[in-house]
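Numbering (our numbering), first residue to last: 8 to 654.
Using N, Cα and C, we set each Cβ at its ideal position, and we do this for glycine too.
For reference, the structure discussed in these notes is given below.
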């Protein structure tokens, strides 16, 4: 580069130098000389005049550097000549190339190559992807990836499963023999296995050896660690013995942790009717991650009640009563009850005594004993009479004395077999001044009688909470056979068959046993009886517990059908609204002429279903839901009052 041309400066007389007093107040005319100026030139003025000169000097010094920097910034990037994959035997290079951004002909990017390495690793087919090798050639940059493929799967072994069959587990696997193992597919397999366990109510952890998920000879081993119950604890009970609670809990130490069984255990404890609340069980880690400690927390309620008061229902009218009941006698979940009723429409006395033992000895068989002398109001305040007699009274009732002994034994968590032995004696209390009609066929209906039978019943019950179901079904089929006698008329064998099916539907499961939900409840009942059938042993349909919108026991006969649909919706924790439709009938009676003066109890032979529709209100109380229903039928409207749900 030629030396920069020098500019000559013309000769001039040198200026005198500044004196000491003048220093600091001067400007220069040349870099080598200084001349004095008037004192009115301040230091600030001198500096302002110097700044343009300094800028020119700096620019002259930096100017030679600018071409060098510009040359570095504008240097063209290197191009990628080739991308090479080495070590892949079964996974095509073209397939690998689809997953990376580095392509021949594109600009080479060091960071982009490192990102591509991670992308190749994420494909899941390779146990090792080495650092990319970069070579510069006249054609451009050559990028090489050294790969190590996983072996081909020859066998998949599943170890540790107990509660779910191996065949069911294999159905959810993505990995299959005959293909190169892929870690992404294996991870999907582990997740699918754990989800399968969860869907069936269990907990498990599925894993492979992280260091060597597959052996060199192609064996992929999946180990399943099912969570086991290490201990079951109960807290919150004071009166109830812990052994009684643990007896009802089907979850046992050493078993796989079954979440569905825990839910049923919670419901089973609440159905004992001795707890105000049973919280969902708490799960804590045990001695290792594959073990759990299960804790049930219960809140006991007052189970002993001594009552003295007045009651009212549609059939009975106003009744005075005293009752003592204890549903957790001695803290053993035993139940005793004694009830005495006075008054009612017939002004009669009734009593009931009962005892319930949930476990006889160490067996699962339960025992229930009932002894009673009670008044049954079949027709509320309606008269039973015929054209052959009249009466000013409008009351009719029957008195039944007897006993019922029941043995019950579960076959499974939901299925139960029941055997009952029944003996009863009855007589009818006719209205005062009423005489037995002359017609012998009609007179038989008012004769006293007796019955002694055995009842065999099978039930399936999956309801969550029996006193207020939201989910599940209840089905029962009962066969009753024995001997019936009608005093002064006839006696002989009697047999009955009855079917009761109920289902309850709601959206989702209960979060807790006390949660109120919207429920669609449906019921279907069928009945048939033959042989010697006394009047009081027929099927009766009508009233609060069957066909609402009609008088109590409006229809009777040896055949029966009743269907009901209810929609129940909560207004809070203690109120529930109900809309209902009932369809039913009883027919085939031997006593079709029993009727009141107004003809309100005329019977029929064939099946003629009646419909009742209406709405009601339920109020939750310690003794059960108080039920008030208003129903409308083809014969008018009626109000029904009772305790507990209709079904």
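Reference residue i; option with closest CA among the options
{"i": "residue 104", "options": "538, 150, 117", "result": "150"}
{"i": "residue 345", "options": "333, 339, 337", "result": "333"}
{"i": "residue 524", "options": "548, 481, 477", "result": "477"}
{"i": "residue 147", "options": "171, 168, 164, 110", "result": "110"}
{"i": "residue 379", "options": "366, 358, 371, 364", "result": "358"}
{"i": "residue 615", "options": "327, 316, 594", "result": "594"}
{"i": "residue 186", "options": "156, 261, 529, 326", "result": "156"}
{"i": "residue 475", "options": "489, 339, 545, 577", "result": "577"}
{"i": "residue 516", "options": "526, 98, 508", "result": "526"}
{"i": "residue 230", "options": "251, 223, 196, 261", "result": "196"}
{"i": "residue 140", "options": "164, 115, 163, 158", "result": "115"}
{"i": "residue 331", "options": "313, 347, 339", "result": "313"}
{"i": "residue 480", "options": "513, 262, 163, 218", "result": "513"}
{"i": "residue 184", "options": "91, 364, 158, 218", "result": "158"}
{"i": "residue 611", "options": "249, 589, 584, 567", "result": "567"}
{"i": "residue 125", "options": "142, 107, 112, 294", "result": "107"}
8 Å Cβ cutoff met for residue i and residue j
{"i": "residue 241", "j": "residue 269", "result": "no"}
{"i": "residue 236", "j": "residue 267", "result": "no"}
{"i": "residue 535", "j": "residue 510", "result": "no"}
{"i": "residue 542", "j": "residue 452", "result": "yes"}
{"i": "residue 586", "j": "residue 622", "result": "yes"}
{"i": "residue 227", "j": "residue 160", "result": "yes"}
{"i": "residue 554", "j": "residue 617", "result": "yes"}
{"i": "residue 638", "j": "residue 647", "result": "yes"}
{"i": "residue 343", "j": "residue 310", "result": "no"}
{"i": "residue 306", "j": "residue 283", "result": "yes"}
{"i": "residue 128", "j": "residue 120", "result": "no"}
{"i": "residue 472", "j": "residue 277", "result": "yes"}
{"i": "residue 464", "j": "residue 528", "result": "no"}
{"i": "residue 93", "j": "residue 153", "result": "yes"}
DSSP-derived helix/strand/coil call for residue i
{"i": "residue 119", "result": "helix"}
{"i": "residue 259", "result": "coil"}
{"i": "residue 340", "result": "coil"}
{"i": "residue 503", "result": "strand"}
{"i": "residue 186", "result": "coil"}
{"i": "residue 278", "result": "helix"}
{"i": "residue 166", "result": "strand"}
{"i": "residue 204", "result": "helix"}
{"i": "residue 407", "result": "strand"}
{"i": "residue 612", "result": "coil"}
{"i": "residue 450", "result": "helix"}
{"i": "residue 194", "result": "helix"}
{"i": "residue 110", "result": "coil"}
{"i": "residue 234", "result": "coil"}
{"i": "residue 397", "result": "Here the model assigns residue 397 a pLDDT of 35, short of 50, so the residue's position is not dependable, and the following value carries that caveat. The answer is coil: DSSP assigns residue 397 none of H, G, I, E or B."}
{"i": "residue 649", "result": "strand"}
{"i": "residue 469", "result": "coil"}
{"i": "residue 219", "result": "coil"}
{"i": "residue 422", "result": "strand"}
{"i": "residue 416", "result": "strand"}
{"i": "residue 67", "result": "Residue placement at residue 67 cannot be trusted, given a pLDDT of 41 that sits under 50; the coordinates are not used to answer."}
{"i": "residue 522", "result": "coil"}
Neighbourhood of residue i by C-beta, 7 Å cutoff - its chain only, sequence neighbours within 5 removed
{"i": "residue 549", "result": "557, 558, 559, 560, 561, 562"}
{"i": "residue 381", "result": "357, 359, 407"}
{"i": "residue 335", "result": "246, 247, 281, 310"}
8 Å Cβ shell around residue i - same chain, five flanking residues per side excluded
{"i": "residue 203", "result": "171, 175, 176, 179"}
{"i": "residue 461", "result": "426, 427, 428, 429, 487, 488, 489"}
{"i": "residue 66", "result": "Because residue 66 sits at a pLDDT of 42, beneath the cut-off of 50, its placement in the model cannot be relied upon, and the following sentence gives the value as read from the coordinates. Closer than 8 Å at Cβ, skipping near neighbours: no residue."}
{"i": "residue 212", "result": "201, 231, 232, 234, 296, 297"}
{"i": "residue 347", "result": "328, 329, 330, 356, 357, 358"}
{"i": "residue 85", "result": "114, 115, 143, 147, 148"}
Chain-order list of residues whose beta-carbon lies under 6 Å from that of residue i (same chain, five-residue window excluded)
{"i": "residue 208", "result": "265, 266, 267"}
{"i": "residue 491", "result": "458, 501, 539, 541"}
{"i": "residue 503", "result": "487, 536"}
{"i": "residue 131", "result": "189, 190, 191"}
{"i": "residue 521", "result": "284"}
{"i": "residue 327", "result": "317, 349, 350"}
{"i": "residue 91", "result": "151"}
{"i": "residue 262", "result": "236"}
{"i": "residue 507", "result": "483, 532"}
{"i": "residue 375", "result": "363, 413"}
{"i": "residue 431", "result": "407, 409, 458"}
Beta carbon proximity, residue i to chain B, threshold 8 Å
{"i": "residue 222", "result": "Given the protein chain composition of this structure (a single chain), no chain B is represented."}
Segment contact flag, the region 462 to 470 with the region 421 to 436, C-beta cutoff 8 Å, min 3 pairs: yes
Sufficient close CB pairs (3 or more, under 8 Å) joining the region 248 to 259 to the region 493 to 501: no
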